[in-house]
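*Asks:* Input: one structure, supplied below.
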Amino acid sequence: MLVLTRKIGETIRIGENVTVRVLALRGGQVSLGFTAPSEVRIFREEVLQAEGEEPASAAEEKRPGVAPPRNGTRRHG
């Protein structure tokens, strides 16, 4: 695990297309802003665990040819 310290307004780059910016600190919480291409799925871990989701790579192996939802949206049906 890589651990970084950032101040409000500072940014972290992940690869060439993803940025994470520290927006605010309130008590014990930090607000983060993410910028990424539309094909990059961004989820809160606890939401995936609650829904019983698997990591995208494992789910795609089981459902070849089915495109994953975009930007954290979930398709029903």
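Using numbering that gives the first Met the number 0, read the sequence shown as starting at 0 and increasing by one per residue.
Every residue, glycine too, gets a C-beta built ideally from N, C-alpha and C.
1. Measuring straight from C-alpha to C-alpha, what distance separates VAL39 and ILE7?
2. Residues in the same chain with beta-carbon distance under 6 Å from THR10, minus the five sequence neighbours each way, listed in chain order, please.
3. Could you tell me the boundaries of the beta strand (DSSP E) in which ALA23 lies?
4. Here's a check: name, in chain order, each residue in its chain whose Cβ is nearer than 7 Å to the Cβ of VAL29, leaving out the five neighbours to either side.
5. I need the boundaries of the alpha helix (DSSP H) containing VAL46, first residue and last residue.
*Replies:* According to the structure shown:
1. 24 Å
2. THR18, ARG20
3. 17 to 25
4. VAL21
5. 44 to 50
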